[in-house]
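To start, the structure under review is shown below, and the notes come after it.
In the numbering used here, the protein residues as written are 28 to 401.
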């Protein structure tokens, strides 16, 4: 940002800001929700405060009014435009951690694309994901993040140089850019093209690429990792930073049953949004299985064998009242929380999940009806 703004590269500075805020919002904040709810630690809030305060100072020339409002709300001080420009040397840095987390994000993005390509919804757990990269040990501390993000039971790490990794049939290809290499190589460019297609090319330790016995320079070629067809029960994706991932797409009855059991969570979360509940509001959800065996609590096995049963979720929301009489939702810490409110302020929202409408791979939880009664 400093280099771009010093050189009046406004478009580049805007792109850098957009990319950083996208990662901050869709990765750090989303992945740190549980840390924000942890009342025993403020590290996540401290980190987020430092990031937002610094970003406001850096982007103040681009968004003077927005950054002024946010920065004054964060610090309580006079103006972001009267502060010093932040220096990189003053901020803590861990390049190894940043590089590893960038790789983890690439793995999660590739895994999500494979899930989508195989029409496997995110709530359906899968058996395993194999990550094949150079120096896989650097990713070992973060495998739990990948497992949670992609909803897989097991994460395997393989070095790209091992025989097992080669068995997946993923290889690199070289393409010579004749238009770029032609002026320098002349007629010999055809030898380089022939070598690239026949596999007569190599990469030296210093990164020099040779094709057909002719050295190529940057811009005269492109390297690409090509994934082979690994079978009906696996899907392979290439990582932009090198390496690839192999997702086990085989489904077992146990995995499908677990996916069905997670569907009510989505229904309840949607009911919370439809009811206008705050994120801090606590709810109590009771599951009742109607039809055959009515009166029993619905569990994962019941959901899997539901047939034409209708599962009802009752979500209760408590509404408190301010001293001035203005009705406001107040957070309910527990089901029996003591909130100063009249009994008639209890609101009940019925969440009805109809198991009879079943799209592909959705044994239950297909449709949702929400009705509220004051």
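All C-beta atoms in this analysis are idealised placements derived from N, C-alpha and C, irrespective of residue type, glycine included.
The structure presented is a predicted model; accordingly, all values stated were derived computationally and were not measured.
(message) Tell me which residues share the same chain as residue 127 and place their Cβ nearer than 7 Å to its Cβ, disregarding the 5 neighbours each side in the sequence.
(response) For residue 127, where only same-chain residues beyond five positions count, the Cβ hits under 7 Å are 165, 166, 169.
(request) Starting from the N-terminal side, write out each stretch of the beta strand (DSSP E) that is 3 residues or longer and does not extend beyond the region 186-258. (result) Whole beta strand (DSSP E) segments, 3+ residues: 198-203, 228-230, 236-238, 241-243, 248-253.
(request) Go through its chain and collect everything with a Cβ distance to residue 279's Cβ below 6 Å, but skip five positions before and after it. (result) Same-chain partners within the cutoff: there are none.
(request) Please state if the CB of residue 153 and the CB of residue 179 are separated by a distance shorter than 8 Å. (result) The Cβ atoms of residue 179 and residue 153 sit closer than 8 Å to each other.
(request) Starting from residue 282, trace the alpha helix (DSSP H) both ways and give me its first and last residue. (result) Its alpha helix (DSSP H) spans residues 280-302.
(message) Taking the straight line between their C-alpha atoms, what separation do you get for residue 208 and residue 269?
(response) Between residue 208 and residue 269, the alpha-carbon positions lie close to 25 Å from each other.
(request) List the whole-angstrom C-beta distance separating residue 158 from residue 272, where the pair is believed to meet the contact cut-off of C-beta under 8 Å. (result) Contact between residue 158 and residue 272 holds, with the beta-carbon distance rounding to 5 Å and staying under 8 Å.
(message) With H, G and I counted as helix, E and B as strand and the rest as coil, what does DSSP make of residue 99?
(response) Annotated three-state conformation of residue 99 is helix, per DSSP.
(message) Following a CB-centred definition, is residue 166 positioned closer than 7 Å to any heavy atom of the ligand ATP?
(response) Annotation note on the ligand ATP: not contained in the displayed structure, which lists no ligands.
(request) Give me the Cβ distance between residue 101 and residue 79, rounded to the nearest whole Å; I'm assuming they're in contact under 8 Å. (result) Yes, they are in contact, since the Cβ atoms of residue 101 and residue 79 sit about 6 Å apart, within 8 Å.
(request) Quick one: using the 10 Å Cβ neighbour count with 16 as the cut-off for buried, is residue 161 buried or exposed? (result) In this structure residue 161 is exposed. Its beta-carbon is surrounded by fewer than 16 other beta-carbon atoms within 10 angstroms.
(message) From the DSSP secondary-structure annotation, give me the bridge partner or partners of residue 138.
(response) Under DSSP, no beta-bridge partner is assigned to residue 138.
(request) Give the straight-line distance between the Cα atoms of residue 308 and residue 62, rounded to the nearest whole angstrom. (result) Straight across, the Cα-Cα distance linking residue 308 with residue 62 is about 18 Å.
(request) Determine, using beta carbons only, whether residue 260 and residue 277 come nearer to each other than 8 Å. (result) In this structure, the beta-carbon distance from residue 260 to residue 277 falls below 8 Å.
(message) Count Cβ pairs between the region 241-254 and the region 198-206 that sit closer than 8 Å; are there 3 or more?
(response) Using a C-beta cut-off of 8 Å, the region 241-254 makes contact with the region 198-206, since at least three inter-stretch Cβ pairs fall below that distance.
(message) Across the region 183-195 and the region 209-221, are there enough close Cβ pairs to call them in contact, namely three or more that are closer than 8 Å?
(response) No, because fewer than three Cβ pairs between the region 183-195 and the region 209-221 fall closer than 8 Å, the two stretches do not touch.
(request) List the endpoints of the continuous alpha helix (DSSP H) containing residue 402. (result) A question about residue 402 goes unanswered here, because the residues of the chain that appear run from 28 up to 401.
(message) Short of 8 Å in beta carbon distance, which residues of its chain neighbour residue 242, apart from the five on each side in sequence? Order them along the chain.
(response) Correct list, in chain order: 235, 236.
(request) Can you say whether residue 291 is buried or exposed, counting buried as having 16 or more other CB atoms within 10 angstroms of its CB? (result) Around the beta carbon of residue 291, 16 or more other beta carbons sit within 10 angstroms, so the residue counts as buried.
(message) Suppose contacts are defined by Cβ-Cβ distances below 8 Å. Is residue 131 in contact with residue 172 by that definition?
(response) Yes, Cβ-Cβ distance for residue 131 and residue 172 is below 8 Å.
(message) Let's test the definition: count the other Cβ atoms within 10 Å of the Cβ of residue 45 and tell me whether it reaches 16, buried, or not, exposed.
(response) Sixteen is the threshold: since fewer than 16 other Cβ atoms of the shown chains lie within 10 Å of the Cβ of residue 45, the residue is exposed.
(request) For the beta strand (DSSP E) holding residue 307, just list the boundary residues, first then last. (result) Unbroken run through residue 307: none, as it is neither H nor E.
(request) Helix, strand or coil for residue 121, going by three-state DSSP, please let me know. (result) Here residue 121 sits in coil by DSSP.
(request) Report, in whole angstroms, the separation of the C-beta atoms of residue 247 and residue 204, which I expect to be a contact under 8 Å. (result) Contact between residue 247 and residue 204 is confirmed by a C-beta separation of about 5 Å, below the 8 Å threshold.
(request) Within its chain, find whatever has a CB closer than 6 Å to the CB of residue 186; leave out the 5 residues flanking it on each side and keep chain order. (result) Correct list, in chain order: 163.
(request) Using three-state DSSP, classify residue 165 as helix, strand or coil. (result) Helix, per DSSP.
(request) Tell whether a beta-carbon distance below 8 Å holds between residue 28 and residue 97. (result) No; because the gap between Cβ atoms is not below 8 Å, this pair is not in contact.
(message) Helix, strand or coil for residue 311? Go by DSSP, reduced to three states.
(response) In this structure, residue 311 counts as strand in the three-state DSSP scheme.
(message) Quick check on residue 274: does DSSP put it in helix, strand or coil?
(response) DSSP places residue 274 in strand when its eight states are reduced to three.
(request) Can you have a look at residue 298 and say buried or exposed, based on whether 16 or more other CB atoms are within 10 angstroms of its CB? (result) Residue 298 counts as buried, since at least 16 other C-beta atoms from the protein chains shown sit within 10 angstroms of its C-beta.
(request) Would you give the residue range spanned by the alpha helix (DSSP H) that residue 107 belongs to? (result) Unbroken run through residue 107: none, as it is neither H nor E.
(message) Can you tell me whether residue 67 is helix, strand or coil according to DSSP?
(response) Correct three-state label for residue 67: coil.
(message) Please state the DSSP three-state secondary structure of residue 183.
(response) Correct three-state label for residue 183: strand.
(message) Starting from residue 46, trace the alpha helix (DSSP H) in both directions and tell me its first and last residue.
(response) Taken as a continuous stretch (DSSP letters only), the alpha helix (DSSP H) holding residue 46 covers 37-50.
(message) So, with DSSP's three-state summary, where would you put residue 409?
(response) Outside the displayed range of the chain (28 to 401) lies residue 409, so it cannot be described from this structure.
(request) Answer with buried or exposed for residue 82, where buried requires no fewer than 16 other C-beta atoms within 10 angstroms of its C-beta. (result) Classification for residue 82: buried.
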